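Trainee: Numbered per numbering that gives the first Met the number 0, the sequence shown spans residues 0 to 89. Where is the CB? At the ideal position from N, CA and C, for every residue including glycine. These figures come from a predicted structure and were not determined experimentally.
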Amino acid sequence: MPMIQKQQAKFNAFVQKYRSQNVVILELGIGANNQLIKALLMQLVAQSLSYRYITLNLPHEINIPAAIEQRSIGLAGSIDDNFKELLKND
């Protein structure tokens with residue numbers, strides 16, 4: 000079996016196994032034009048009410064569809080700056 004099919008089978012098994020559990024999809028810097036990855040992740044969140052979507056990206060690259068906005072967080076800025084801010088011990 001080709002590598003891409005093995006990876007797809009593993010991904011599908013993961014989705015089936017955790018379909019009804021709480022899952023966070025964490026998107027780190029996927030550009031708005033990369034719909035091959037981005038659209039698939041958002042579709043998973045739209046289809047599973049227990050899934051949540053968090054994106055860390057540059058402001059002009061964040062695009063959260065209305066269908067998942069209630070279960071999503073968009074953190075604008077560089078990934079480095081966002082992680083530094085999240086890890087502060089204030």
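What first and last residue would you give for the beta strand (DSSP E) that runs through Asn11?
Mentor: Unbroken run through Asn11 is the alpha helix (DSSP H), Met2 to Lys16; no beta strand (DSSP E).
Trainee: Let me make sure I understand the geometry here. Which of Met0, Ala12, Ala65 and Lys83 has the alpha-carbon closest to that of Ala45?
Mentor: When each option's Cα is compared against that of Ala45, the closest is Ala65.
Trainee: Is the stretch 14 to 25 close to the stretch 48 to 61, with three or more CB pairs under 8 Å?
Mentor: The stretch 14 to 25 vs the stretch 48 to 61: in contact.
Trainee: Identify which residue in Asn62, Pro58, Gln15 and Leu48 has its Cα closest to the Cα of Phe38.
Mentor: According to the sequence provided, residue 38 is Ala. The question's Phe does not apply to it. Taking only the C-alpha atoms, the option nearest Ala38 is Asn62.
Trainee: Let me confirm a value: Ile36 is counted as buried when at least 16 other C-beta atoms fall within 10 Å, else exposed. Which label applies?
Mentor: With fewer than 16 other Cβ atoms within 10 Å, it is exposed.
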